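Counting in UniProt numbering, the sequence shown runs from 1 upward without gaps. Every residue, glycine too, gets a C-beta built ideally from N, C-alpha and C. The structure presented is a predicted model; accordingly, all values stated were derived computationally and were not measured.
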Amino acid sequence: MFLHPMSWPNGKKCAASVTFDIDADSLVRVGRPKDADLRLQPISMGRYGPTVAVPRILETYRRLELTQTFFMPGWVMEEYPDTVEAILKDGHEIGHHSWAHEDPMEHSDEVEAELFERALDTHIKMTGHKPRGYRAPVYSITPAIVNRLIEHDFLYDSSMMADDLPYEVVTNSGSLIEIPPHWGTDDWPPFAHMGELDYIMPVRGPSDGIKAFIEEFDAMYEAGGFWMPVLHPFLTGRLARWRELERHIERIVEQGDVWLTSMENIAEHAKSTGSRLRQENLDTGSTPATPLTP
Ligand SMILES: [Zn+2]
């Protein structure tokens, strides 16, 4: 059960968005800036995303007549213009995902503001409009970024984890819809292995890894909730993994009672529910009454 249940349009039982973050080779370039050009293995692994996996994913979406959401760093958009074009041609949404996947905690907010604006300019130049949604690199969102999103009229963020369902984040500057991810539906833990980023994990088998996402779906379906895997083309877009997830998406489509749509539509719907939406006030709620100083 949910403390603040949501109902979905047209009597659908549950809602879902399959989201992909196309980080490509920005990860190793930011993680190993001194010699990334020499590291062809992680660079090629990242490049596999936009060049091989995204066309495969788009083909599935075309076949099933789905419109979904991709998040892209501005630098990746500039490096892979054909990918941007293919995604837009099929009517999908592209959200803001930083300039080049720099962790906002690793530099000042002045630098972050500049990188944020640079990516925003790329979105406007390549898509013709401002993005409506944002997801922070490694979910590393700060209070300053939340206020920046509000100032730029973003509809939603998808980086914070305070609920199962979309909620409203409020600050003294205004508010935005939060569509919460969580690590149980992120494909880094089961599928990523990147020594260059000190991320060394046992890679799970395709059905084993995807099964965990499906269990998350089953619980959301039963409770009338919202399921949102956070995937990366270079990980889940690999042949066998995508085949597993594709079968699950086919089942959902066939079932007919799941609203499988873009994040923008989910956020618009959440916003339209107005006062019934749960609110989380960052300005009053994030500061403990007793500071946690040693
Ligand atoms: Zn990312």
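Locate the beta strand (DSSP E) running through residue i, then write down its first and last residues.
i, result
"residue 176", "174 to 178"
What does DSSP give as the partner residue(s) for residue i in the beta ladder?
i, result
"residue 255", "Partner(s): none; residue 255 has no beta bridge."
"residue 94", "70"
"residue 169", "176 and 280"
"residue 19", "69 and 230"
"residue 133", "156"
"residue 260", "16"
The alpha helix (DSSP H) that contains residue i, what's its start and end?
i, result
"residue 122", "109 to 127"
"residue 267", "263 to 272"
"residue 301", "Only positions 1 to 294 of the chain appear in the structure, and residue 301 is not among them; the question remains open."
"residue 162", "Note, residue 162: premise wrong, no alpha helix (DSSP H); not H, not E."
"residue 149", "143 to 151"
"residue 42", "40 to 48"
"residue 139", "Here residue 139 belongs to no alpha helix (DSSP H), and DSSP marks it neither H nor E."
"residue 30", "26 to 31"
"residue 60", "54 to 64"
Any heavy atom of ligand 1 closer than 7 Å to the Cβ of residue i?
i, result
"residue 190", "no"
"residue 21", "yes"
"residue 4", "no"
"residue 317", "The chain is shown from 1 up to 294; residue 317 falls before or after that span and cannot be answered."
"residue 101", "yes"
"residue 137", "yes"
"residue 97", "yes"
Can you name, in chain order, every residue of its own chain whose Cβ lies under 7 Å from the Cβ of residue i, other than the five neighbours on each side?
i, result
"residue 138", "103"
"residue 73", "23, 26, 97, 98, 99, 100, 101 and 119"
Under 8 Å Cβ to Cβ from residue i, same chain only, skipping five residues before and after it: list those, please.
i, result
"residue 27", "42, 46, 101, 194 and 197"
"residue 61", "67, 68, 90 and 92"
"residue 248", "210, 213, 214 and 217"
Identify, in the order they occur along the chain, each residue of the same chain with its Cβ nearer than 6 Å to the Cβ of residue i, setting aside the five sequence neighbours on each side.
i, result
"residue 182", "161"
"residue 54", "83 and 233"
"residue 166", "177, 179 and 270"
| field | Minimum length 4: unbroken alpha helix (DSSP H) runs contained in the stretch 187 to 227 | value | 188 to 191 and 206 to 223
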